[in-house]
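Written out below as structure tokens is the structure these notes cover.
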Ligand SMILES: NC(=O)c1ccc[n+]([C@@H]2O[C@H](COP(=O)([O-])OP(=O)(O)OC[C@H]3O[C@@H](n4cnc5c(N)ncnc54)[C@H](OP(=O)(O)O)[C@@H]3O)[C@@H](O)[C@H]2O)c1
């Protein structure tokens with residue numbers, strides 16, 4: 083049994099070991115995520131020599147297929163989705179480790195057959211007993227899959243091996259359902275073997291936030307309310323309810339679908355205190371403290387600080403797109419928000435009085451996720467009569483699609499007159515490192531195989547995030563008329579009310 087203290091020190095150094103041989107079981111083998119993200123991520127790990135010498139990927143789904151059919155379907159999707167292209171020879175080598183298992187998630191018998199199948203694979207070639215179960219099914223199936231894994235005793239770490247579970251989002255739809263699911267998860271797997279995915283945390287730039295903050299003395303001292311005027315976190319999407327997404331989305335909405343997980347995770351990375359080391363628990367301890375110190379909101383505060391809105395018909399990419407309520411599988415009287423903007427405060431020593439603005443919207447003019455920290459202006463005694471001199475410094479962290487960072491500062495424009503203009507210092511991965519970033523799922527899959535949960539959400543993080551989102555949802559539902567729905571035309575940057583929210587404190591949204 084490894085000493086947990088020594089283990090935490092070891093993790094603190096983030097050694098990038100090649101994981102031990104293992105079986106990866108993907109529930110939802112025929113689904114969209116498996117085709118577009120999971121298998122291409124595993125293929126790229128294989129190309130980079132990051133997978134163990136012996137690994138088996140067992141895909142579990144209901145449709146009638148065999149290994150050969152599944153492999154050729156995956157090959158087709160890998161051609162379109164692998165970030166480093168598709169090499170026929172390498173694929174053939176990789177795909178020898180792909181196996182299809184036909185089963186029903188509701189059937190105990192399927193799970194006992196699955197166990198036999200895993201055991202056969204474990205003893206072919208070099209023997210190993212490490213098992214990673216990836217729940218890539220609709221969330222309604224998460225409890226039954228966990229219960230059936232337990233009945234088949236697949237949750238138990240085998241002798242000289244481990245058994246771990248990765249759970250896709252959404253993790254619950256409110257605090258109550260998340261707590262229920264957590265009870266089932268923790269009744270089945272040890273918390274340290276549980277990996278709740280938030281793929282934003284696997285993005286290179288999200289991981290770089292800690293380095294930017296804690297390894298750079300030009301930023302570290304400024305990272306507090308004394309110097310930072312306000313922070314903005316924006317996630318813009320131009321997609322609407324394509325592909326039948328309306329059925330799920332109309333029950334969720336922007337706050338539950340994106341803010342509860344991805345945006346609050348980014349917020350906690352931006353606002354957290356330095357952890358004592360880089361072990362999973364130290365980092366997550368600090369993140370959860372941020373979530374606990376977000377100032378709670380009752381209906382009156384929600385009315386003042388949170389804007390909810392729906393898109394109306396408009397033009398995007400030269401095409402006319404329907405209003406949210408006219409989308410397929412959306413209630414024509416829906417009160418679900420396709421856009422949310424909020425102003426929140428973190429009640430701790432570092433951030434006292436600093437507004438954090440978060441916005442997420444669908445059918446916006448572009449697809450981008452960015453964080454910007456707007457610094458306070460210096461005393462304006464020297465350049466006050468010059469145009470442009472009042473603009474503040476802004477540090478921007480681009481999470482997607484074009485990952486990188488930039489700093490806006492003021493400079494004298496070259497010439498014989500004294501003009502001040504903002505200039506940008508830009509960092510992107512390609513220019514500096516001559517290589518692109520791995521896909522988030524690559525990093526997350528390898529971390530789960532190695533046993534490093536730093537980039538996964540812990541139980542208390544998920545529950546505290548829901549507590550905050552529930553307070554907003556409760557106010558909306560209890561005061562439907564007092565907290566109105568706003569509207570914005572598709573292809574624009576959201577409702578005027580969201581601009582007014584920032585204007586109240588003299589701020590404006592940073593254009594993306
Ligand atoms: N797709 C994305 O881009 C994305 C992004 C973020 C998170 N996620 C999350 O990832 C998960 C999977 O999403 P998805 O889009 O891949 O879903 P999907 O395309 O609908 O796939 C669902 C999978 O579940 C299988 N399944 C359904 N009922 C089953 C049963 N009774 N027994 C066995 N297998 C069954 C289906 O296989 P058969 O039809 O062959 O039975 C299929 O492989 C969801 O939790 C989603 O929220 C997806």
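In our numbering, the protein residues as written are 83 to 594.
Backbone N, C-alpha and C fix where the C-beta goes; we use that ideal spot for every residue, glycine too.
1. Could you pull out every residue in the same chain whose Cβ sits closer than 8 angstroms to the Cβ of residue 208, ignoring the five residues on either side in sequence?
2. Counting Cβ pairs, one atom from each stretch, are 3 or more of them under 8 angstroms apart for the segment 301-311 and the segment 453-461?
3. Is it buried or exposed, residue 91, if we count other Cβ atoms within 10 angstroms and call 16 or more buried?
4. Can you give the Cα-Cα distance for residue 297 and residue 399, rounded to whole angstroms?
5. Under 8 angstroms, Cβ to Cβ, is there at least one residue of chain D near residue 199?
6. Does residue 291 pass the burial test, meaning 16 or more other C-beta atoms within 10 Å, or should it be called exposed?
7. With which residues is residue 510 paired in a DSSP beta bridge?
8. Given 7 angstroms as the limit, tell me if residue 220 has its C-beta closer than that to any heavy atom belonging to ligand 1.
9. Indicate whether residue 120 and residue 216 have their beta-carbon atoms separated by less than 8 angstroms.
10. Roughly how many whole angstroms lie between the Cα atoms of residue 511 and residue 488?
11. Going by other Cβ atoms of all chains shown within 10 Å of its Cβ, with 16 needed for buried, is residue 378 buried or exposed?
12. Is the segment 528-538 touching the segment 354-373, taking contact as three or more C-beta pairs under 8 angstroms?
13. Taking the straight line between their C-alpha atoms, what separation do you get for residue 430 and residue 505?
14. What do you reckon, are the CB atoms on residue 565 and residue 381 nearer than 8 angstroms?
15. I'd like to confirm something about residue 457: is its beta-carbon nearer than 7 angstroms to some heavy atom of ligand 1, or not?
16. What is the residue span of the alpha helix (DSSP H) that residue 364 lies within?
17. Please give the ranges of any alpha helix (DSSP H) in the segment 513-562, keeping only runs that are unbroken, at least 4 residues long and fully inside the region.
18. Report all residues from its chain with a CB closer than 6 angstroms to the CB of residue 319; omit the five preceding and five following residues, and keep chain order.
19. Is any heavy atom in ligand 1 found nearer than 7 angstroms to the beta carbon of residue 186?
20. Taking the beta carbon of residue 369 as the centre, do at least 16 other beta carbons fall within 10 Å, making it buried, or is it exposed?
21. Taking 7 angstroms as the cut-off, is the C-beta of residue 111 nearer than that to any heavy atom in ligand 1?
22. Here's the rule I'm using: 16 or more other beta-carbon atoms within 10 Å means buried, otherwise exposed. How should residue 151 be labelled?
23. Provide the residue(s) that pair with residue 156 in DSSP beta bridges, ordered along the chain.
24. Return yes when at least one heavy atom of ligand 1 lies under 7 angstroms from the C-beta of residue 114, else no.
25. Can you tell me which residues form a DSSP beta bridge with residue 105?
26. Report the partner residues of residue 423 according to the DSSP bridge assignment.
27. Determine, using beta carbons only, whether residue 388 and residue 340 come nearer to each other than 8 angstroms.
28. Going by beta carbon distance, what residues of the same chain come within less than 7 angstroms of residue 527, once the five residues before and after it are set aside?
29. Of the residues 482, 176, 227 and 416, which one's Cα is nearest the Cα of residue 189?
30. Using the DSSP secondary-structure output, state which residues sit across from residue 505 in a beta bridge.
31. For a minimum of 3 consecutive residues, which ranges assigned as the beta strand (DSSP E) are wholly contained in the segment 198-265?
32. Would you give the residue range spanned by the alpha helix (DSSP H) that residue 291 belongs to?
33. Roughly how many whole angstroms lie between the Cα atoms of residue 267 and residue 519?
34. Under 8 angstroms, with one C-beta from each stretch per pair, do the segment 173-182 and the segment 151-164 reach the 3-pair mark?
35. Looking only at DSSP bridge pairs, what is residue 453 linked to?
36. DSSP puts residue 396 in a beta bridge; with which residues?
Short version:
1. 103, 135 and 136
2. yes
3. Annotation note: pLDDT 43 at residue 91 (below 50); position unreliable, no value reported.
4. 41 angstroms
5. This model lacks chain D altogether; it includes just one protein chain.
6. buried
7. 486
8. yes
9. yes
10. 12 angstroms
11. exposed
12. yes
13. 33 angstroms
14. yes
15. no
16. 362-375
17. 522-532 and 541-560
18. 444 and 449
19. yes
20. buried
21. yes
22. exposed
23. According to DSSP, which records beta bridges pairwise, residue 156 is partnered with nothing at all.
24. yes
25. 138 and 213
26. 389 and 441
27. no
28. 123, 124 and 127
29. 227
30. 491
31. 213-217 and 245-249
32. 286-296
33. 32 angstroms
34. yes
35. 315 and 479
36. 403
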